[in-house]
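Report on the following structure.
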Amino acid sequence: MKKKGTMLAVCMTALIGLTVFAGCGSEEYALSYYHGENKDESGDSVYNEQLFYSNTLQQGYPDPFVLDDTARSGYYYLYGTSGSFSIMRSKDLAVWEDVGPTLVPPIDGEIPRLLHADMWAPEVIYDDETELYYLFFSATAETDTTYTEGNGIVSGVSYCNLYVATSDSAEGPFEMVNFMDAASCGESALHDYNTTAGIELDENELSEYAWIRQGGVYYEAAFPHYFAKYCLFSPDELYKFNRKNGVSDETGLNGRGYFGNIDPSPFEDPETGEKYLYVKMEGTNGIMVVHMFDWLTPDWDNAEIVLMVNYYTVEDWRNNTNFGVSYESENCNEGPHMLYYDGVYYLTFSANGYGSSNYRVATAVGDSPMGPFRKLTEEEGGLLLCSSTTESNSVSGAGHHSFAYVGDQLYIIYHRHRNYLIGGSDRYTAMDEVKWLTVKDINGNDLVVPYTNGPTDTLQPLPESVSGYKNIAAEAQVSCSNEEAEISCVTDGLLSVHKTADPTFMSYVRETYSSDTQTTFTFTFDSARTVRAVMVYNSASYRDIFLNISRIEFTLADGSTRVIRDLSFDVDQYCEVSDFSGEINYVASGAAAFAEFYDLNVTSVSITVDLPEGQERVGISEIRILGK
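Residue numbers (our numbering): 1427 to 2054.
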């Protein structure tokens, strides 16, 4: 599926030579350009990897997390669900190279037993004070049969214990932290849970202890098993937290002795510097947060359940009211990740099962890292990432994500199914840009929400700090030959990728429509600018697509012109055509007609889009002019 190789040379071979045309008393030159005509073995366009990227590369892992380590090592690191947590690194988020495993257990001892199964969803954070990297993840330990259950001793079966490992390098190797060994965790992080059987409790003592009822007798719960000392959450504190919140039973999770947690996500508040850890509570399908004194010491006095599946708020869940969330069709909330922007805390999470096409990323908002949070409705843009609403014929199960800034641009990194028809656990990493959009909330007030220009399977520009070229279209004065066209939509930065999303929300993400036979958009700059490529994004609806751009005219700083004639939209790559009628019945979301050429020093760019015969109108989602 690769389209890179020596793409710069391949793509630019078409850019040699100019043809002179006579034009109204002055000379204009036909500009040589590349528009994706070279294809790889899968039929996708070969492209210049120094300017563009495509998610069709199918790199990476399930449950991807990207650590921005550029300030220290110059790299972004990609972690995910993989054997021994193998990682990759990149300088641009688009092309990754293998680094190798980061957590390789020894052959003997307790560590291999700790990592017996279900090594899932690692996330890493760097701490400036300790100068260490902290790797948070979950795994299922081998059952401890040393102790007989009863007399206060809980079952030796565990499922998805939460662990942490440390390293002085993002590439590892990471070493497991033992919370009963001060040399490993430090004095302040030592755990002090009960390992002794037979400690009976009166009913009036139950609120003070982690307890279990066995044979009609209340005991202080005993956790003597080998894996308990490696759990980040002390088992007795986790027991007490669950019981306080009414989500536990007398035997732990599904008859097991230990409560499981997965998908840990550390967050440091940029406003206060305080540390927090978000995790999914296995068995309840809720999300909890714990304030952390440091990355090894939970502050159990400040721990809360912040999301619960099928409820918009935890308050609704506690009151058993307002059951049902429109975009949650399966009993699962997982993969939390906190995003802070302009005073608002956006708790983003995945909904539904990872194996289904309905897996998606949603957003809840709050005024504090501890909440309370409210899941946004679909009308407010609650769906941050969803392949179902794009009706994609190549993307399925877009979810479990993290975020990374590249310069000033924000990207969401997520996984999706390698085979969109089958789904399941075979997934790879993708990325798309995130923009900020102002909508009306449920009370009619302005609310800024994140919006993803994706999921895409189409050619997209690399981050500007990587390629050196940015979209300068919005910096020009823009005019249109159709005076009724809403021209602001072509420079708002938003791609209209959804076909069946909530109509109210999609009214905020508009296209520019025109019913004219030809519609010309002109971009005039205050001073000459360097331009390298033009991308004209098509409508999300096959009923409104354009098929041809009859003319792109560049006025150069010296007054001469360069012209591209009849730039076609790649129907073969981005559309489906009915075998019966021969008509187009699908267009890929986020698809553009593009032209790349050698740098031009221009003062204006005019783009003329044709209306296909028999079609009522064309819709333009966005026009990008990549320049400097």
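In this text, a Cβ means the ideal position worked out from N, Cα and C, and glycines have one as well.
Short of 6 Å from the beta carbon of Pro-1538, and not among the five residues preceding or following it, lie these beta carbons of its own chain, in chain order: Pro-1531. A residue is called buried once 16 or more other Cβ atoms fall within 10 Å of its Cβ, and Lys-1701 is buried on that count. The three-state reading of DSSP puts Phe-1563 in strand, counting E and B together. A straight-line Cα-Cα distance of about 24 Å links Asn-1604 and Trp-1637.
Looking at the DSSP output, Ser-2030 sits in a beta bridge with Thr-1950 and Thr-1981.
An exposed status is given to Asn-1745, since fewer than 16 other beta-carbon atoms sit within 10 Å of its beta-carbon. Taking 8 Å as the cut-off, the Cβ atoms of Val-1791 and Val-1770 count as close. A distance below 8 Å separates the beta carbons of Ile-1839 and Pro-1490. In the three-state reduction of the DSSP assignment, Met-1932 falls in the helix class. Judged by DSSP secondary structure, Arg-1539 falls within the alpha helix (DSSP H) whose first and last residues are 1536-1540. For Leu-1561, the closest C-alpha among the options Thr-1569, Val-1583 and Met-1602 is that of Met-1602. Secondary structure of Gln-1999 (DSSP, three-state): helix. Non-local C-beta neighbours of Ser-1660 in its own chain, meaning closer than 6 Å and more than five positions away in sequence, comprise His-1617 and Tyr-1619, ordered along the chain. By the criterion of a C-beta distance shorter than 7 Å, Asn-1778 is surrounded in its chain by Glu-1754, Ser-1755, Glu-1756, Cys-1758, Asn-1784, Tyr-1785 and Arg-1786, once the five residues flanking it on both sides are discounted.
Pairing Phe-1511 with Leu-1529 gives a Cβ-Cβ distance under 8 Å. Contiguous beta strand (DSSP E) elements confined to the segment 1804-1889 occur at 1809-1811, 1825-1832, 1835-1843, 1853-1866 and 1872-1878, taking only those with 3 or more residues. The criterion of a C-beta distance shorter than 8 Å is not satisfied by Thr-1592 and Val-1583. Under the three-pair Cβ rule at 8 Å, the segment 1834-1850 does not count as touching the segment 1965-1974. Every beta strand (DSSP E) stretch that sits fully inside the segment 1728-1771 and reaches 3 residues is listed by chain position as 1759-1767. Residue pairing from DSSP places Asp-1553 in a beta bridge opposite Leu-1558.
Annotated as proximal: Tyr-1854 and Gly-1486, with beta-carbon spacing under 8 Å. Take Leu-1477, set aside five residues on each side of it, and the residues of its chain with a beta-carbon closer than 8 Å to its own are Pro-1887, Leu-1888, Ser-1893, Tyr-1895, Arg-1958, Ala-1959, Glu-2022 and Leu-2052, in chain order. Counting along the chain, the unbroken alpha helix (DSSP H) around Phe-1667 starts and ends at 1661-1670. Contact check for Arg-2050 against Ala-1899 passes: the beta carbons are separated by less than 8 Å.
For the options Ser-1776, Thr-1789 and Asn-1668, the alpha carbon positioned closest to that of Ala-1729 is the one of Asn-1668. Ser-2007 and Val-2013 have their C-alpha atoms roughly 16 Å apart. Taking 8 Å as the cut-off, the Cβ atoms of Val-1751 and Tyr-1737 count as close.
In the three-state scheme derived from DSSP, where H, G and I count as helix and E and B as strand, Ala-1899 is classed as helix. Under the 8 Å Cβ criterion, the segment 1861-1875 counts as touching the segment 1930-1944, having at least three qualifying pairs. The criterion of a C-beta distance shorter than 8 Å is not satisfied by Asn-1879 and Leu-1836. With contacts defined by Cβ atoms closer than 8 Å, Tyr-1505 and Asp-1495 do not form a contacting pair.
Between Ser-1471 and Gln-1999, the gap from beta carbon to beta carbon is short of 8 Å. The C-beta of Glu-1708 has 16 or more other C-beta atoms within 10 Å across all chains shown, which makes the residue buried. Taking C-beta separations shorter than 8 Å and ignoring five residues to either side along the sequence, the partners of Glu-1629 in its chain run Tyr-1644, following chain order.
Inter-residue distance for Thr-1566 and Glu-1597 is about 23 Å (C-alpha atoms, whole angstroms). In summary, Glu-1634 is exposed, with fewer than 16 beta-carbon neighbours lying within 10 Å of its beta-carbon over all protein chains present.
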